[in-house]
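Visitor: Just dropping this structure here.
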Amino acid sequence: MNHHTLKATCTTVHLGGFSCNLPPALVINSGDSIEVETYTGFKIYQESPEAFLTPELVEICQHLPPERIVGPGSHLLTGPIYIREAQPGDVLEIQLEEISPRLAMGFNAIRTGWGALPQQFSESRLRFIPLDLEKNIAEFPLNSGIKIPLKPFFGILGVATPETQRSSIPPGIYGGNLDNPELQAGSRLFLPIFVPGALFSIGDGHSAQGEGEVNVTAIETSMNGKIKLILHKNILLTSPLAETPSDIITMGFAETLDLAFESALKQMIDVLEQFFGLEAEEAYVLCSLAANFRITQVVNHPQKGVHGMISKSILGFPLKSLLDHKVVTGL
């Protein structure tokens, strides 16, 4: 197992989406760890205060090669990372070991025509929000006394699909713009793989976000992280699956919240069947008794997101991971 450092530069980032044709920014073996750097704010850097900018970000914004602009989204992603021996049908595990803001400044933006209430809040607004990294809070509005705890995570964790251009805006079975605030340091995400090497990319750092992300953005923040990527063979997975220190998380995506909820529920039933040997009806009842379903986001058109959570403590393995449990029990 090796350790790598992946800086964000004009040759290691891409903008707006995913592509199976992008050359890898890094090639690794399963089990390798990576110190990764991500930036945000590509499309608003000219309106940004000095505290938000670094020479590296300005260089990217001014000189990013056209071939690394692969979709209509505004997200600047670091990658892709190629994992040797990864093939379609395999599963990629992303262990999120450390996540921390790159700078003591983030932004929030309202975009015309977007958000949960686009008619009521129709004018674009851009706000920069200082971060107190020592106290681990952001005060908003400034001088209001309202203090928001910082809970940093990466909004986008995704793999490429056979498409040459796929927008970074909607999430899907490939991961992508999940915007799930549960995916903080100490959690693990499992994604199906669709192309050789997986071509994993990461970015869209958020220092704090409410579930729903109702005005389109969180506290968008350039973010550093330490991750480990592990390849799994012979495990069936058709949708993103996550594990925190306390919960198993399934995710559903659809054009309506009703359908997204239905998808997250069906994924939870499938997990309880596949990994714990429950009958489908038993799993359905258990979800009614013990699972919690939450709105992840309502703004990443056309896919809204709902995630389901069930405590590992009631399932009898509070200290073991999901896939370790399957291996140990032989399910």
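In this note's numbering, the protein residues as written are 1492 to 1822.
Yeah, the Cβ is synthetic: ideal placement off N, Cα and C, and Gly gets one too.
Any contact of the stretch 1789–1804 with the stretch 1699–1712, i.e. 3+ C-beta pairs under 8 Å?
Guide: yes
Visitor: How is ALA1755 classed by DSSP in three states: helix, strand or coil?
Guide: helix
Visitor: How is MET1492 classed by DSSP in three states: helix, strand or coil?
Guide: coil
Visitor: So for ILE1637, helix, strand or coil by DSSP?
Guide: ILE1637 falls in the coil class under three-state DSSP.
Visitor: Please report how far the alpha carbon of GLU1746 lies from the alpha carbon of LEU1669, in whole angstroms.
Guide: 14 Å
Visitor: Beta-carbon within less than 6 Å of SER1804's beta-carbon, same chain only, minus the 5 sequence neighbours each way: which residues are those?
Guide: none
Visitor: Going by DSSP, which residues form a beta bridge with PRO1621?
Guide: MET1596
Visitor: Please give me, in chain order, every unbroken run of the beta strand (DSSP E) with length at least 3 that falls completely inside the stretch 1648–1736.
Guide: Scanning the stretch 1648–1736 from its first residue to its last, the whole beta strand (DSSP E) runs of 3-plus residues come out as 1666–1668, 1679–1683, 1691–1697, 1714–1723, 1732–1734.
Visitor: DSSP on PRO1556, reduced to helix/strand/coil?
Guide: Of the three classes helix, strand and coil, the one that applies to PRO1556 here is coil, per DSSP.
Visitor: When you compare each of ARG1559, GLU1550, GLU1589, PRO1579 to VAL1527 by their alpha carbons, which one comes out closest?
Guide: GLU1589
Visitor: First and last residue of the alpha helix (DSSP H) that includes LYS1803?
Guide: 1803–1806
Visitor: Using CA atoms only, rank isn't needed, just tell me which of ILE1525, CYS1778, ILE1560 is closest to SER1510.
Guide: ILE1560
Visitor: Leaving out five residues on either side along the sequence, give the residues of the same chain with a beta carbon under 6 Å from the beta carbon of MET1800.
Guide: ASP1738, ILE1740, ASN1783
Visitor: How about the stretch 1594–1611 and the stretch 1576–1584: do they share at least three Cβ pairs that are nearer than 8 Å?
Guide: no
Visitor: Between SER1521 and LEU1722, how many whole angstroms is the CB-CB distance? I'm expecting something under 8 Å.
Guide: 4 Å
Visitor: Could you check whether the stretch 1674–1689 touches the stretch 1639–1651, counting it as contact only if at least three pairs of C-beta atoms, one from each stretch, sit closer than 8 Å?
Guide: As far as the Cβ criterion goes, the stretch 1674–1689 touches the stretch 1639–1651, which means the pair count is three or higher.
Visitor: Pull up the distance between the alpha-carbon of GLN1700 and that of ALA1771, whole angstroms please.
Guide: 34 Å
Visitor: Quick one: grab the DSSP three-state call for ASP1523.
Guide: coil
Visitor: Leaving out the 5 sequence neighbours to the left and right, which residues in its chain are closer than 6 Å to THR1496 when beta-carbon positions are compared?
Guide: GLU1526
Visitor: Assign ARG1657 to one of two classes, buried (16 or more other C-beta atoms within 10 Å of its C-beta) or exposed (fewer than that).
Guide: buried
Visitor: Using DSSP with H/G/I as helix, E/B as strand and the rest coil, what is PRO1515?
Guide: Looking at PRO1515 - three-state DSSP - the assignment turns out to be coil, as it is neither helix nor strand.
Visitor: Within the same chain, show all residues whose beta-carbon is closer than 7 Å to that of ASP1695, passing over the 5 residues directly before and after it, in chain order.
Guide: THR1531, HIS1566, PHE1645, GLY1646, ILE1647, ASN1668
Visitor: On a CA-only basis, which of PRO1557, SER1635, VAL1797 is nearest GLN1758? Give me that one, please.
Guide: VAL1797
Visitor: Which residue wins for smallest C-alpha separation from SER1591, given the options SER1730, PRO1540, GLU1734, SER1698?
Guide: SER1698
Visitor: If contacts are defined as beta-carbon pairs under 8 Å, then LEU1633 and ALA1595 qualify, I think. What distance do you get, rounded to the angstrom?
Guide: The Cβ separation is near 14 Å, so there is no contact.
Visitor: Using only the alpha-carbon positions, how far apart do LYS1534 and PRO1556 sit?
Guide: Straight-line measurement puts the Cα of PRO1556 at about 15 Å from the Cα of LYS1534.
Visitor: Answer yes or no: do ILE1718 and GLN1610 have a C-beta to C-beta separation smaller than 8 Å?
Guide: Taking a C-beta distance under 8 Å as the contact criterion, ILE1718 and GLN1610 do not qualify as a contact pair.
Visitor: Pull up the DSSP beta-bridge partners for ALA1745, would you.
Guide: In the DSSP output, where bridge partners are listed per residue, ALA1745 has LYS1795.
Visitor: Measuring CA to CA, which of TYR1775, SER1754, ALA1755 is closest to GLU1764?
Guide: TYR1775
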